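Enquirer: First the structure, then my questions, so here it is.
2 protein chains.
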Amino acid sequence: VKPYYYHCFNCHTQFSASEIEQDRHYLCPKCGKPEKNKPLHGALLISFDYQQLKKRYNRPFFLKQPAGQIWRYPLLWPLQPPEYAKDPPFQKIEWKELFSVDLPATKIHEIRVDTHTVKLLDETNNPTYSYKDRASTLVALKARQLGLTAVSTASTGNAASSMAGICARFGLEAHLWVPENIPEAKLMQILAYGGQVHLVRGDYDTAFDLSLEISQRMGWYNRNTAYNPLTMEGKKSGAFDIFIGLRGDLPDYIFVPVGDGVVIGGIYKGFCELQHLGVIEDYPKLIAVQSSGSNALIRFMQTGKFEYLPAETIADSISAGAPRNLYFAANSVRESGGFALEVDDADIVKSQKLINERTGILVEPAGAASLAGYIKAKSEGKIDPDKKSMILLTGSGLKDIDSLKRLHRRPDAFRAEVWQERYVGE
Amino acid sequence: VKPYYYHCFNCHTQFSASEIEQDRHYLCPKCGKPEKNKPLHGALLISFDYQQLKKRYNRPFFLKQPAGQIWRYPLLWPLQPPEYAKDPPFQKIEWKELFSVDLPATKIHEIRVDTHTVKLLDETNNPTYSYKDRASTLVALKARQLGLTAVSTASTGNAASSMAGICARFGLEAHLWVPENIPEAKLMQILAYGGQVHLVRGDYDTAFDLSLEISQRMGWYNRNTAYNPLTMEGKKSGAFDIFIGLRGDLPDYIFVPVGDGVVIGGIYKGFCELQHLGVIEDYPKLIAVQSSGSNALIRFMQTGKFEYLPAETIADSISAGAPRNLYFAANSVRESGGFALEVDDADIVKSQKLINERTGILVEPAGAASLAGYIKAKSEGKIDPDKKSMILLTGSGLKDIDSLKRLHRRPDAFRAEVWQERYVGE
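As you go down the protein sequences, you meet chains A and B in turn.
Going by this note's numbering, the first residue of the first sequence is number -4, and it counts up by one from there.
Going by this note's numbering, the first residue of the second sequence is number -4, and it counts up by one from there.
Rendered as structure tokens:
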């Protein structure tokens, strides 16, 4: 029985679950090596026996599923008892337990932009209010399966608050490495969940490198995005929920905000799996949207070379000078027939306001970059506006009150008498 | 055809939908009159033809429903075409539109407190992150049905941010009357949705009275809680979702944070309707939890008399010196066989921490008052601890970052070198 296996994105070597998981590898044991301020070389991917699984997980099966209940297809997650399952400290995950960590049934909404309607995948009502929960729940389940009690992650804020919240739910200890300029609401959210915050004087890339070193030293299970293969696995669930939420009527374009490149990579992988399973024939073109202050993927796709530049953008969740999942993300964009484009912070802020005011969905700046990308791509004629577009709203605006404060002035307060005069007195 | 009718809680006079809705009454046309800093006299209730409805909405029907999809039983909401439906400016509400404003399928979680397990109704992932969305969606639908384009409400913060968000979704104008000490995150949330904020130099009670006067003058549809009968109607949906979420296995006690008393009244009304429909035989005992700084209901239930005292509590969402729904709330507690009890702000804060850290659900102080109430009731022997208890978590902690800041200190930031020395260097 080979329920799932790992393989290296770069050298293509295959590994069994026990080789990777029991020995606590994250990158390819042969060619992987994390380097300071660089995309990861030797990231591992997980594959399943799609020929077997397609008998069970076919198109009618997915069309019957409710969105968000991702554990209803347990064999598509790397949680099935692997070949080392009989050895301690391996712990069995009960399906009942899985069902208790479902995501809410994500709603797909719409927004009217000029004369066109765009679909929204709204992730702002997830358990900790961002897309990251899709990865964090899978990582927490794996930590428990491996008998580990502490999880560690570097983050600009969302991944950390997500991991802290999910760890609280699972009774795990959480260590979070975040840059000191983390938005205050996200910091407070982490602290409220009881997470151990390690505030780093430096940027996300510094926190990333540092956390790897110390997690390993301390024996904490590492959830760094892209580094831990389960992060992309968890994030592939977005593709399944898009298929389910749209009852199979997929969009032609999906606009995805890109920082480290794991969300876009995950969504691409999810669609590939749906294709392997015979559920869909073609998948949507994925369009990577970056802030012009954090555009490493765009530069890489133009030049074929990675060059490190410190990132600076109001959209903290997609601020990454060295996107760790760069190679797979670029591949995802290319293979899907999409492209990458950058938007200014000013456009991101404008789109954020548009979404908040037109849909009643409160998004953070990074979550609105996707709409800014759609508007730009449309105005530049890079997409066919009459084809179906969807954008991802990846995190809640309540997590970054400071960015709202830049947009909105606190109104003056008046005494009742003044109001009465103003409205009634005339 | 009499799809639903209104009747006065105090003088029991019945009114048709057209008498109340077309003439824009909120309180009983015969005996209702809002008074400054006083509970409302002449609040209107809505009743349906339960004898007819029970043929359709029976126990097996509710057991088949998914939680949160409250429009699947459309005849239990005062939105069915009433007798005046042919007259303009009445607008038809399409069922399709209703389905687009579903609440997320509320999850029922558990928390372990000492040796007992308590169920949680988690409302922190609603569209605008609080229980109030249940009322606001119904109010917005009614505004649209009446052909109105602006809605107005007084609020300590949650009702206003909820109404602003839901109005954004429906393309309605929102006017929000809030005390100037409103938590900053809630203020920013309202502004982000494009709501018109009227900041009042005074407390919630002042904002309440003022908003009534000015809404009427301006012709805005008023959503003031308890004043607009649809607020309690919307909030009754919590009872249906509790029944559905627990597959009919209702708790013996439900602890509800009480400010104006509309949530507890709504839940009571929901359970009464389930009883009228023959879905349940008995309903849970409802236990009203108030902060000792805002305990008007408790004093009223002890003395039989209402006395106005300005409210002051960290739990802003249940801060109300003059609970507008006082009489119905007291009735709900009494009729259900429950009781009211008060908890200190310090206990609320302790419970907030407990919930955040043990469940990964971020709650605001008011949302945690219910747990503080459970702990106190148990320690004082007021409930049988072996019977089933449930608590309501009414709003997200992200909406009140300031209260988290009082709990958690920002940690010091260190340079990478320092971390490395600390953990690795030895």
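Glycine is no exception: its CB is placed at the ideal position from the N, C-alpha and C atoms.
Predicted model only: the values in this text are computed from it and were never measured.
DSSP three-state label for E421(A), please.
Expert: Here residue 421(A) refers to the residue found at position 426 of the first sequence. The predicted position of E421(A) is uncertain, since its pLDDT is 48 and thus under 50; a value taken from the coordinates is nonetheless stated next. Look at E421(A) here: in three-state DSSP terms it is coil, with no helix or strand label.
Enquirer: Which word fits S374(B), buried or exposed, when buried means at least 16 other C-beta atoms lie within 10 angstroms of its C-beta?
Expert: Position 379 of the second sequence holds residue 374(B). Classification for S374(B): exposed.
Enquirer: Can you tell me where the beta strand (DSSP E) holding P174(B) begins and where it ends?
Expert: As a first step, residue 174(B) is located in the second sequence; it is residue number 179 there, counting from the start. First-last of the beta strand (DSSP E) with P174(B): 168 to 174.
Enquirer: Taking Cβ to Cβ, would you say R107(B) is nearer than 8 Å to R417(B)?
Expert: In the second sequence, the residue the question calls residue 107(B) occupies position 112. In the second sequence, the residue the question calls residue 417(B) occupies position 422. Their beta carbons are not under 8 Å apart, which means R107(B) does not touch R417(B) by this criterion.
Enquirer: In the region 379 to 396 of chain A, which residues sit with their C-beta less than 9 Å from some C-beta in chain B, listed in chain order?
Expert: S391, G392, L393, K394, I396
Enquirer: Cβ atoms of P406(B) and V192(A): under 8 Å apart, would you say?
Expert: Taking the first residue of the first sequence as 1, we reach residue 192(A) at position 197. Taking the first residue of the second sequence as 1, we reach residue 406(B) at position 411. Yes, Cβ-Cβ distance for V192(A) and P406(B) is below 8 Å.
Enquirer: Would you call G142(A) buried or exposed, if buried means 16 or more other Cβ atoms sit within 10 Å of its Cβ?
Expert: In the first sequence, residue 142(A) corresponds to position 147, counting from 1. By the neighbour-count rule (16 or more Cβ atoms within 10 Å), G142(A) is not buried but exposed.
Enquirer: Cβ atoms of Y263(B) and L245(B): under 8 Å apart, would you say?
Expert: Position 250 of the second sequence, counted from the start, is the residue given in the question as residue 245(B). Position 268 of the second sequence, counted from the start, is the residue given in the question as residue 263(B). Not closer than 8 Å, so no.
Enquirer: Pick out the complete alpha helix (DSSP H) segments inside the region 5 to 82 of chain B, 4 residues or longer, and give them in chain order.
Expert: Those alpha helix (DSSP H) runs which fall completely within the region 5 to 82 of chain B and span 4+ residues are 12 to 16, 45 to 48, 54 to 59.
Enquirer: Rounded to the nearest angstrom, what separates T308(A) and S289(A) at their Cα positions?
Expert: Numbered from its first residue, the first sequence carries residue 308(A) at position 313. Numbered from its first residue, the first sequence carries residue 289(A) at position 294. Distance between the alpha carbons of T308(A) and S289(A) is about 7 Å.
Enquirer: Quick check: the region 17 to 30 of chain B against the region 215 to 228 of chain B, are there 3 or more CB pairs under 8 Å?
Expert: yes
Enquirer: Alpha helix (DSSP H) containing E412(A): first to last residue?
Expert: Looking up residue 412(A) in the first sequence gives position 417. 411 to 414 is the extent of the alpha helix (DSSP H) around E412(A).
Enquirer: Are there 16 or more other CB atoms within 10 angstroms of the CB of R164(A), so buried, or fewer, so exposed?
Expert: For the purposes of this step, residue 164(A) is taken as the residue at position 169 of the first sequence. With 16 or more Cβ atoms within 10 Å of its Cβ, R164(A) is classed as buried.
Enquirer: If you count every other CB in all the chains shown that lies within 10 Å of the CB of F4(B), and 16 or more means buried, which is it?
Expert: Within the second sequence, residue 4(B) is the residue found at index 9, counting from 1. Classification of F4(B): buried, given that the 10 Å Cβ count is 16 or more.
Enquirer: At a CB-CB cut-off below 7 Å, which residues of chain A make contact with M183(B)?
Expert: Stepping through the second sequence from its first residue, residue 183(B) is reached at position 188. By Cβ distance, chain A contributes I396, L399, K400, H403.
Enquirer: Suppose you measure from the CA of G240(A) to the CA of E359(A); what does that come to, to the nearest Å?
Expert: For the purposes of this step, residue 240(A) is taken as the residue at position 245 of the first sequence. For the purposes of this step, residue 359(A) is taken as the residue at position 364 of the first sequence. Roughly 23 Å separates the two Cα atoms.
Enquirer: Identify whether T148(A) lies in helix, strand or coil by the three-state DSSP scheme.
Expert: Taking the first sequence and counting its residues from 1, the one referred to as residue 148(A) is at position 153. Shown here, T148(A) sits in a strand according to DSSP, grouped into three states.
Enquirer: What are the partner residues of C162(A), as DSSP defines its beta bridges?
Expert: To locate residue 162(A), count along the first sequence from 1; it is residue 167. DSSP lists no partner for C162(A).
Enquirer: Is there a C-beta anywhere in chain A that falls below 8 Å from the one on N452(B)?
Expert: Lying before the first or after the last residue shown, residue 452(B) is absent from chain B, which here runs from -4 to 421.
Enquirer: Checking contacts by CB at 8 Å: is L93(A) closer than that to chain B?
Expert: As a working mapping, residue 93(A) is identified with position 98 in the first sequence. L93(A) has a beta carbon lying at 8 Å or more from every beta carbon in chain B.
Enquirer: Smallest Cα separation from E30(B): which of T201(B), S131(B), I15(B)?
Expert: Numbered from its first residue, the second sequence carries residue 30(B) at position 35. Considering only alpha carbons, the answer is T201(B).
Enquirer: According to DSSP, simplified to helix, strand and coil, what is L349(A)?
Expert: The residue given as residue 349(A) occupies position 354 in the first sequence. In the structure shown, L349(A) sits in a helix (DSSP, three-state: H, G or I).
Enquirer: How about K137(B) and M385(B): are their beta carbons less than 8 Å apart?
Expert: Translated into the one-based positions of the second sequence, residue 137(B) becomes position 142. Translated into the one-based positions of the second sequence, residue 385(B) becomes position 390. Cβ distance not < 8 Å, so K137(B) and M385(B) don't count as in contact.
Enquirer: For W414(A) and E208(B), what's the separation of their Cα atoms in angstroms?
Expert: Counting from 1 along the first sequence, the entry for residue 414(A) is found at position 419. Counting from 1 along the second sequence, the entry for residue 208(B) is found at position 213. Looking at the two C-alpha atoms, the distance is approximately 10 Å.
Enquirer: Cβ closer than 8 Å: which chain B residues qualify as neighbours of I209(A)?
Expert: The count along the first sequence starts at 1 and reaches residue 209(A) at position 214. Simply W414, Q415, Y418, V419.
Enquirer: Can you find a CB in chain B that lies within less than 8 Å of the CB of I239(A)?
Expert: Taking the first sequence and counting its residues from 1, one reaches residue 239(A) at position 244. Chain B, which has no Cβ nearer than 8 Å to the Cβ of I239(A), makes this no.
Enquirer: Within the same chain, show all residues whose beta-carbon is closer than 7 Å to that of P380(A), passing over the 5 residues directly before and after it, in chain order.
Expert: Here the question's residue 380(A) lines up with position 385 in the first sequence. If we look at P380(A) and ignore the five residues flanking it on each side, its Cβ neighbours are H111, K373.
Enquirer: Report yes or no: is there a C-beta of chain B within less than 8 Å of the C-beta of P122(A)?
Expert: The sequence position of residue 122(A) within the first sequence is 127, counting from 1. Interface residue, yes.
Enquirer: With H, G and I counted as helix, E and B as strand and the rest as coil, what does DSSP make of N326(A)?
Expert: In the first sequence, the residue the question calls residue 326(A) occupies position 331. Note: N326(A) maps to helix in three-state DSSP.
Enquirer: Between D247(B) and K127(A), what straight-line distance do the alpha-carbon atoms span, to the nearest angstrom?
Expert: Your numbering for residue 247(B) matches position 252 in the second sequence. Your numbering for residue 127(A) matches position 132 in the first sequence. Near 37 Å, if we compare the C-alpha coordinates of K127(A) and D247(B).
Enquirer: Which same chain residues end up closer than 6 Å to P76(A) when comparing Cβ atoms and leaving out the 5 residues on each side of it in sequence?
Expert: Taking the first residue of the first sequence as 1, we reach residue 76(A) at position 81. Hits under 6 Å: none found.
Enquirer: Excluding five sequence neighbours on each side, which residues of the same chain lie with their C-beta closer than 6 Å to the C-beta of N32(A)?
Expert: In the first sequence, the residue the question calls residue 32(A) occupies position 37. D200, Y303, A317, listed in sequence order.
Enquirer: Taking 8 Å as the CB-CB limit, is I161(B) close to chain A?
Expert: Here the question's residue 161(B) lines up with position 166 in the second sequence. Yes, I161(B) lies at the interface with chain A (some Cβ there is under 8 Å from its Cβ).
Enquirer: Can you list the residues of chain C that Y188(A) reaches, using a CB-CB cut of under 8 Å?
Expert: Here the protein chains are A and B, and chain C is not one of them.
Enquirer: What residues from chain B crowd round M213(A), counting only those whose CB sits closer than 7 Å?
Expert: On the first sequence, residue 213(A) is found 218 positions in, with the first residue counted as 1. Result: Y418.
Enquirer: Give a yes or no on whether the minimum CB-CB distance between T201(A) and chain B is below 8 Å.
Expert: Working through the first sequence from its first residue, we reach residue 201(A) at position 206. Judged by the 8 Å Cβ criterion, T201(A) is in contact with chain B.
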